[in-house]
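Asks: In the UniProt record's numbering, the protein residues as written are 1 to 458.
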C-alpha cells in the first residue's frame, strides 16, 4: 500500500472552508478529508490560510485573510485578545460559544465514553458574560524604563502592556491599572525574571462578589518593600472597599506565583464573600471560585442531582474548603468531606463554624484511602459528590466509590475528556449516567464545567 502524503505543504497558502471547531476553539477545515486546524476560524467561513506545520494526519495553519466571514464572528472587545492567552474565544458570539461547549461534552461522551444516548443539556448561561472574575493575579515587569502590568503573551513570559481586562472584576482591574503608576512614582523596582532581581513580582487582587470587599496582595522577591508606608497609604486611596493589604514573599526562581509566607501590612487578614446564604472567609492563600454567581447555579444543580430530602448521608470527595459540603449540609442529614490539603480542611472547618453548620465533618487524607476505611467502619451512605482536578478521579477512588454502592453519584467536572473516561469506568462498575448539565463558569474561554447525575443500576 502506498504511503499517504499530506495534501498540503509547510508555508503553502491555501483557501479553506471551516466545517467545525476543536475543543480549544480553533477552526477545522479539510482538504480531501485531511484536517487543518486554524486558530480563530469559525464554521461556515472561507479564508486564506498559511500552512505553518504539517504532520502525517493533521496540519496547522494561520488565518491570513477572511474571504467570507461567519455571522457568529464579532470584534473582540479586548484590545490585546490576539496576543494574550487568557481568553481563546472572544471572537465568537456568546451563542456560538455555548453551542461549542455543549458539543464538546457531547463529542467526548461519544468518542471516549462510547455513550451517545446520555442527554447533554444546553449550557447553563451567564446573564452577563463579562467582568466576572473576582481574582486577578498579574505579573509586574519593566520595559524601556516603564513599569508594566499585564498577562503573558501566548506561549511566552513576555508581559503584554495592557490597561484593562474585560473578564475581570472592574474594581480589581482599576486597582491593578493604578498600581503601575504608584510603583513607578515610589521607585519600587519590578521583578526581573531573567536575572532574578527586583522587588515586586505579582499583584493579586481579590474582590467579594456579594460583599464588594477587596484584598490586595503584593508578591515580592524580597522580605522588605521600599517605602512601604507610603505604598500602603497610596493603595488605600484606590478604593474604599479595600479591607486588607497583604505582603507575600516568594524568593524562589520559579513559575509558582505565591510563596509560603504572608503577613498583613494593613487591615484584615481575610475578606468575606458569599455563595447562596453561606459566608466564606477568604485569605491570600485560599482557594475560592473565581465566578461565585455561576458557582451558585452549579451548586444548586449538584443539590438537584443529589436529590436531597434531609435524610441522606453524603460524602464530598475532593472537598477543598468545604463549599459544596456546606451547601449540601443544609439539605442532608450528614456530610463527610475529605481533602488531601490540610490547610483547605482547616478552612472548611472554620467555614462550618462561621455558618453554624454542625452536620458536616472534614477529614485530611486521600479520598481513595479514607473511603474504604469508612466503609470498613460500617458507614452507610446515599450519595457521593466528587469534584476532582482536571486530571479526573484517581482509579483507586473510582474503585472505592463503586464498592461503597451509593444510590447516586454526582460528578462535577472541569474537563470533559477525563469526565467521559471516568463515567465509562463507573458504568462498568454498575452506574448509569442519566444526564449532564454543562455550566458556563468561564465565558470567553474554552473551558466548560459540568454536573453529571449517575444512578446505581438495580
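Note that the Cβ used here is the ideal one computed from N, Cα and C, for glycine as well.
Go ahead and pull the three-state DSSP assignment for residue 390.
Replies: The answer is coil: DSSP assigns residue 390 none of H, G, I, E or B.
Asks: Look up residue 298 in the DSSP assignment and say whether it is helix, strand or coil.
Replies: Here residue 298 sits in helix by DSSP.
Asks: Measuring straight from C-alpha to C-alpha, what distance separates residue 453 and residue 353?
Replies: Each residue's alpha carbon lies about 30 Å from the other.
Asks: Could you tell me the alpha carbon to alpha carbon distance between residue 219 and residue 288, rounded to whole angstroms?
Replies: Roughly 19 Å between the two C-alpha positions.
Asks: State the DSSP-derived secondary structure class of residue 133, mapped to helix, strand or coil.
Replies: Strand.
Asks: Is residue 273 helix, strand or coil when you go by DSSP?
Replies: Here residue 273 sits in strand by DSSP.
Asks: Can you name the start and end residues of the beta strand (DSSP E) that residue 416 belongs to?
Replies: Element bounds for residue 416: not the beta strand (DSSP E) but the alpha helix (DSSP H), 416-428.
Asks: Mark residue 127 as exposed unless 16 or more other C-beta atoms lie within 10 angstroms of its C-beta, in which case mark it buried.
Replies: Counting Cβ neighbours within 10 Å, residue 127 comes out exposed, since fewer than 16 surround it.
Asks: Which partner residues does residue 192 have in the DSSP bridge list?
Replies: Paired residues: 197.
Asks: Roughly how many angstroms lie between the CA atoms of residue 1 and residue 110, to the nearest whole one?
Replies: Since pLDDT at residue 1 reaches only 44, below the 50 mark, its modelled position is unreliable, and no value is offered.
Asks: Going by beta-carbon coordinates alone, are residue 424 and residue 290 separated by less than 8 Å?
Replies: No, the Cβ-Cβ distance between residue 424 and residue 290 is not below 8 Å.
Asks: In three-state DSSP terms, what is residue 332?
Replies: Coil.
Asks: Tell me whether the beta-carbon of residue 50 lies closer than 8 Å to the beta-carbon of residue 67.
Replies: Not a contact, by the Cβ cut-off of 8 Å.
Asks: Which of the three DSSP states, helix, strand or coil, is assigned to residue 124?
Replies: Strand.
Asks: Classify residue 346 as helix, strand or coil using the three-state DSSP reduction.
Replies: Residue 346: helix per DSSP, three-state reduction.
Asks: Per DSSP, residue 14 forms a beta bridge with which residues?
Replies: Residue 14 pairs with 49.
Asks: Could you name the residues that DSSP lists as bridge partners for residue 202?
Replies: DSSP lists 139 and 219 as partners of residue 202.
Asks: Take residue 367 as the anchor and find which of 305, 397 and 60 has the nearest alpha-carbon.
Replies: Ranking the options by Cα distance to residue 367, first place goes to 397.
Asks: With distance defined between alpha-carbon atoms, name the residue in 193, 44, 161 and 77 nearest to residue 146.
Replies: The shortest Cα separation from residue 146 among 193, 44, 161 and 77 belongs to 161.
Asks: Residue range of the alpha helix (DSSP H) that residue 235 falls in?
Replies: Looking at the DSSP string, the run of the alpha helix (DSSP H) that includes residue 235 is 228-236.
Asks: Could you check what DSSP says for residue 445 in three-state terms: helix, strand or coil?
Replies: Three-state result, residue 445: coil.
Asks: Where are the alpha helix (DSSP H) runs, 4 residues long or more, that stay fully inside the stretch 75-128, in chain order?
Replies: The stretch 75-128 contains these whole alpha helix (DSSP H) runs: 94-111.
Asks: If residue 133 sits next to residue 169, beta carbons under 8 Å apart, how far is it from one beta carbon to the other, in whole angstroms?
Replies: About 6 Å; that satisfies the 8 Å criterion.
Asks: Beta-carbon separation of residue 215 and residue 246 under 8 Å?
Replies: In this structure, residue 246 lies closer than 8 Å to residue 215 by Cβ.
Asks: Do residue 125 and residue 302 count as a contact pair if the criterion is CB distance below 8 Å?
Replies: Result no, Cβ atoms of residue 302 and residue 125 do not sit closer than 8 Å.
Asks: According to DSSP, which residues form a beta bridge with residue 460?
Replies: Any answer about residue 460 is impossible in this case: the structure gives the chain only from 1 up to 458.
Asks: Please confirm whether residue 382 and residue 406 have their CB atoms less than 8 Å apart.
Replies: In contact: residue 382 and residue 406 (Cβ atoms closer than 8 Å).
Asks: With DSSP run on the structure shown, which of helix, strand or coil describes residue 397?
Replies: The answer is helix: DSSP assigns residue 397 an H, G or I state.
Asks: Going by CA-CA distance only, name the one from 455, 308 and 432 that's closest to residue 117.
Replies: Ranking the options by Cα distance to residue 117, first place goes to 432.
Asks: Measure the alpha-carbon distance for residue 131 versus residue 141 and round it to whole angstroms.
Replies: If you take the alpha carbons of residue 131 and residue 141, they lie about 24 Å apart.
Asks: At what residues does the beta strand (DSSP E) containing residue 307 begin and finish?
Replies: Careful: residue 307 lies outside any beta strand (DSSP E) and carries neither H nor E.
Asks: Identify whether residue 327 lies in helix, strand or coil by the three-state DSSP scheme.
Replies: In this structure, residue 327 counts as helix in the three-state DSSP scheme.
Asks: Where residue 182 and residue 261 are concerned, what is the direct C-alpha to C-alpha distance, given to the nearest angstrom?
Replies: Roughly 24 Å separates the two Cα atoms.
Asks: Contact defined as beta carbons within less than 8 Å: I believe residue 6 pairs with residue 40. What is the distance between those atoms, to the nearest angstrom?
Replies: Between residue 40 and residue 6 the Cβ distance is about 22 Å, and since that is not below 8 Å, they are no contact.
Asks: Could you pull out every residue in the same chain whose Cβ sits closer than 8 Å to the Cβ of residue 11, ignoring the five residues on either side in sequence?
Replies: Closer than 8 Å at the Cβ level, and outside the excluded window around residue 11, lie 50, 51 and 52.
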